[in-house]
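Here's the structure, in structure tokens; my notes come after.
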Amino acid sequence: MSNIVNSTRKNKHLTFDDRLTIEAMLKSQSTFSEIARTIGKDASTISKEVRKHRELAANNWTRRDDSGRVLNDECPKLTHSPYVCNGCKQKPYCHLKRLVYRAKSAQKDYEALRSESRTGIALNKASFWDTDRKLREGIKKGQHIYHIMQTEEIQASQATVYRYIKKGYCSFSPIELPRMVKFRSRKPRQLEYVPYGAKKGRAYEDFQQHIAANHITHWVEMDTVIGRVGGKVLLTMLFTNSNFMFGRLLPNKTAQAVTEQFQTLRQKFTDAGIPFASCFSLILTDNGGEFANIDGIEMNAAGTRETRLFYCDPMRSSQKPRVEKNHTLLRDILPKGANFDNLTQEKVDIIFSHINSTKRAVFNGKTAYEMFTHIYGTEAAHILGICKVPAENVVQTTKLLQILGVVAF
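The following block contains the structure:
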């Protein structure tokens, strides 16, 4: 029976009835273990409850010294279980300091603590409008709510801020938030794929076996983002240990264009004296035909393999979730339907610098740029074209295109 009680009461707070039981059983000199079995709790829970809520009790019997001062020495029995005098037989005549456990007082203390812990920070009129101003100015730049709160140190929870916005308390509407726009469903289209034979030993199952056998915890996820059909394309790569993502502008979505970018990147790393494999030792991508030149991606000009390339299963983009999710940050600035033909690599680097300078909840307010440079150094970020953007200057909306003078629609 006790096992059933324990399983149903696990992780539940003590009730007033529980506390009444504790008080009654203490009076009958029951042990903490006996009390715990009765109410379905651990003995340590009962011990903590009693010690936390014991209180000083009046004592009708007093002892005085020669000068008449009342002596109120503490009973040595209070230093060990049960820590209270509820069941002491000498209680009516004891002149020592008395501590007792009372269920009613313990419940009152518990309810007061629970109410206090659930009460948020009250904003007065001045502080509310100051918070509203900070949020409004950040949203105008396309910054996300979390980024603004971390930058401006707003003393409220993220849920509270969203609730205020939805209820119309703020001077801006929910439609102005970056995430209010719904994504349209993708139109099915025929794409070129990597031949089945070329993927032998490089399938997703092989990838899982490879990282398990070599105890690998991070890698690079690679993908492409399409602008105008038939126009320029963005090759995107994300480091899973930092969510750091950079992009390379391709003239078209072909294997040759991707291969040329890898040749360029390898040369830049060589010129900087940084081994290419130190950053790109393992890459996971999809089955797009632009990734069909395996040797061009894996090997350097001397024919030495520096990178291992693996492919997700067909129609399973969820197997590289980080780069897919980070594409939503890119789409804040370059929505679907945007034309990439007016972009340059320099402007692409600026766009990704803003993305990587956005503070992330997953990193407790740190940016992807900070995480990446901590691991690989600032020189590696510089090679990839990414620099740090001050938090107050981050623009995470299409307004960044206007600043860059890019016509994309």
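Per my numbering, numbering of the sequence shown is gapless, rising by one per residue and ending at 464. C-beta atoms are modelled at their ideal positions from N, C-alpha and C, and glycine is treated no differently. Quick caveat, the model's predicted, so the values are computed rather than measured.
Taken atom to atom, the span from the alpha-carbon of G95 to that of S122 is near 51 Å. In this chain, the beta strand (DSSP E) harbouring Y366 covers 363 to 366. Distances from the alpha-carbon of E166 to those of T70, T100, L455 put T70 closest. Rounded to the nearest angstrom, the gap between the Cα atoms of L305 and T319 is 12 Å. Contact between V275 and F331 is ruled out by a C-beta separation of about 11 Å, above the 8 Å threshold. H135 and K107 have their C-alpha atoms some 14 Å from each other.
DSSP, read as helix, strand or coil, puts F335 in coil.
Pairing E361 with R321 gives a Cβ-Cβ distance under 9 Å. Taking all protein chains shown into account, F294 has 16 or more neighbouring C-beta atoms within 10 Å of its C-beta and is therefore buried.
C-alpha of E425 to C-alpha of C442: approximately 10 Å in a straight line. For the pair A416 and Y201, the Cα-to-Cα distance works out to about 7 Å. Under the criterion of beta carbons closer than 8 Å, T422 and N411 qualify as touching, at roughly 6 Å. In the three-state scheme derived from DSSP, where H, G and I count as helix and E and B as strand, Y156 is classed as strand. Collapsing the DSSP output to three states places D341 in coil. Counting only runs of 4 or more residues that sit fully inside the region 363 to 425, the alpha helix (DSSP H) segments are 376 to 388, 400 to 411, in chain order. If you draw a straight line from the Cα of K103 to the Cα of P445, it comes to about 48 Å.
Partner residues in the beta bridge of V288, as assigned by DSSP, are I281, L305.
Counting along the chain, R360 sits inside no beta strand (DSSP E), nor does DSSP assign it H or E at all. DSSP places Y251 in the coil class of the three-state scheme, outside both helix and strand. Under DSSP, R169 forms no beta bridge with any residue. Between T291 and G302 a beta carbon distance of about 5 Å is seen, short of the 8 Å cut, so the two are scored as contacting. Here the region 381 to 393 lies against the region 402 to 410, with 3 or more beta-carbon pairs under 8 Å apart. Remark: C-beta atoms of R157 and E110 approach each other more closely than 9 Å. Between the alpha carbons of R377 and K287 lies a distance of about 23 Å. Within the same chain, R377, N381, R415, V417, F418, A423, M426 come within 8 Å of N298 by CB-CB distance, once the 5 residues on both sides are set aside.
Per the C-alpha coordinates, the member of F262, A327, D341 positioned closest to V280 is D341.
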